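One structure is given here, and the rest of the page talks about it.
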Amino acid sequence: MEVHMHHIPQSTGKWELTRRLAGDVLHKGPFLQQSEPNEHFQKINFEVFLHPHPAGGAGHSGKGILTLPTKPIGFQFLDYIEQSPFKINGRKIKFFKLNRHDPPPWKTLTLQNTRYIDPDHEEKIEQKMYALHDSFRVNLVQFGILFRPDPIELISLSNMPLSGMVITRKRGLGFDLNMTGNSFVLSQVGEEQEGSTIAISFSSIQKIAIGYDGPLYVCFDTFFPPVFEKKEFNRSSSGNHREDNQNYRLRLRSLHPGHQEVSPYAQKLRITLYDNRSVDTIIETFKQYCRTAELPVNKVLECEEDDIARIEATDRYKFFTQRRPS
C-alpha cells in the first residue's frame, strides 16, 4: 500500500526519514510481527521514496511516498498516525492515501518476502558508489595465463610473464557494490545498443599488480575466471518505470568467437589504462578507489620499473595457436 507524505523538512533525507519511521513507529509496539519465527522478519520491511525538487539539484520537494507490504498494515499505520502524529524537527508530517494509487504487485511482494535492511548500511553503500562514480578508461583487455619460464626460479606476480591475446578494446573500468558481493566491472562503451561486461568479483581476487611499462597496466590474478554478460546499454524508454529500470542481462561463455577458443584456458586478465593525468596520479587514484571499495590493501601490489610484468608474444610459447593434438 502506498501512503503519500507531505511537509517533509528539506534537511531530512531519505535515510534519516527511514530511520525515524522505523525507530518511532514501524518497528515498535503493535507493528512488530511477534508471530514470525525468524527475528529478521519480525520488523516490517518498507520503502521510502522522496520526490526530487522540481528545480533540480540534490534536494527533494518535501513530498514522498511510503510503501508498506500490505493494505492492513497501511491502514493500521494511518490509524496510528492519526492518534499519535509523526513529527520531525517539530514539523508534523502529513500522511494520506490516494485511492487511485496502488503500488505494483512486484513491489509489495518484494517487501513481504525480503527482510528489512538497516538504512545505515544502505546509506554507506550509496556514499561509496557516489565516491566511485568515475570510471577508468581502458585501452585494451588481454586474457592469458601466468607461467614460469624456469620452474626452479622464484618469481613474483609482478615479474611473472603473461602470455596472452588482445580480446577487446575501449571499455570503462568501474566498481559495482551491492548486497550480494562487490566486483570490478569492465563495461563496453560506445553508442551501440548492446554491449558486454566483464565482472571480476572481489572474492575471486588473489592479487592485483599495477604498474607502468609504456602503458599503465593492471594485472588480475584470480582464483576463478571473470563473469561475462551481454547487456542493453542504450535501450529506448517505454514510460514504464519497472521496465525502464530492469537490467536485461544474458550470461555469456565468451565475448566473441576468437575468445571462445581460449576462454577455458586463458583466465588471467590484464588491462591497460589511458588517462591524461600523470602515471603516479592514476595509480594513487586506483589504489584510493580500492580502499574506498574495501578491497584488502594487501592484495594490491604496486610494481616498480625494475619489476615490469612481461607480456610475451603469442607465437613464442604457442599457447593459444590453433593446432591438432599429436
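In the working numbering, the protein residues as written are 12 to 337.
Beta carbons: idealized from backbone N, C-alpha and C, even for Gly.
Note that the structure is predicted; figures quoted are calculated from it, not measured.
C-beta contact flag for residue i and residue j at 7 angstroms
i    : j    : result
T119 : P80  : yes
T233 : L151 : no
L184 : Y300 : no
I1   : G68  : As displayed, the chain neither begins before 12 nor continues past 337, which places residue 1 out of reach and without an answer.
G155 : A277 : yes
F195 : I211 : yes
E240 : T208 : yes
Q153 : R281 : yes
L77  : I55  : no
F97  : H15  : no
H64  : G70  : yes
Status (buried if at least 16 other CB within 10 Å, exposed otherwise) for residue i
i    : result
F88  : buried
S174 : Residue confidence for S174 is low, a pLDDT of 46 falling below 50, so the modelled location carries little weight; the figure read from the coordinates is stated next. Result: buried.
Y345 : In the structure displayed, the chain extends from 12 to 337; residue 345 sits before or after that span and is not available.
G222 : buried
S198 : buried
D187 : buried
A324 : Legend: pLDDT at A324 = 38, less than 50; position of this residue unreliable, value from coordinates given subsequently. Flag for A324 reads exposed.
T29  : buried
P83  : exposed
S167 : A caution first: S167 carries a pLDDT of 46, below 50, which makes its placement in the model unreliable, though a value can still be read off. That one is exposed.
P237 : buried
L109 : exposed
Three-way DSSP call (helix, strand, coil) for residue i in this model
i    : result
R281 : strand
E133 : helix
G68  : coil
F97  : coil
G225 : coil
P275 : coil
L266 : coil
F213 : helix
L122 : helix
L61  : strand
F42  : helix
L157 : strand
L109 : coil
G185 : strand
F88  : helix
Alpha-carbon to alpha-carbon, residue j and residue i
i    : j    : result
M176 : L43  : The predicted position of M176 is uncertain, since its pLDDT is 47 and thus under 50; no value can be drawn from it.
P115 : S215 : 37 angstroms
D131 : K279 : 36 angstroms
I219 : V273 : 22 angstroms
R148 : Q271 : 25 angstroms
D326 : G225 : Its pLDDT being 44, under 50, D326 is placed unreliably in this model, and the value from its coordinates should be taken loosely. Rounded to the nearest angstrom, the two C-alpha atoms are 22 angstroms apart.
G85  : L312 : 53 angstroms
S72  : R102 : 15 angstroms
H112 : W26  : 24 angstroms
L32  : K105 : 13 angstroms
P307 : K139 : 16 angstroms
Q21  : E13  : 21 angstroms
D129 : L261 : 31 angstroms
R302 : D145 : 15 angstroms
E134 : E93  : 30 angstroms
E58  : Y127 : 9 angstroms
F60  : L157 : 49 angstroms
E295 : D35  : 44 angstroms
W117 : T292 : 46 angstroms
S265 : Q217 : 22 angstroms
Y91  : H267 : 59 angstroms
Residues bridged to residue i [DSSP beta-bridge criterion]
i    : result
V308 : Paired residues: none, contrary to the question.
K298 : BP columns for K298 are empty, so no partner.
S207 : K241
M140 : DSSP lists no partner for M140.
C230 : A220, R281
V14  : L77
K103 : K98
K260 : According to the sequence provided, residue 260 is Arg. The question's Lys does not apply to it. For R260, which the question treats as bridged, DSSP gives the partners K242.
Residue-chain proximity (residue i, chain C), Cβ-Cβ < 7 angstroms
i    : result
V311 : Judged by its chain identifiers, the structure shown contains no chain C, having just a single protein chain.
The ligand NAD heavy atom lying under 6 angstroms from the CB of residue i
i    : result
A277 : You won't find the ligand NAD in this model; it holds no ligand whatsoever.
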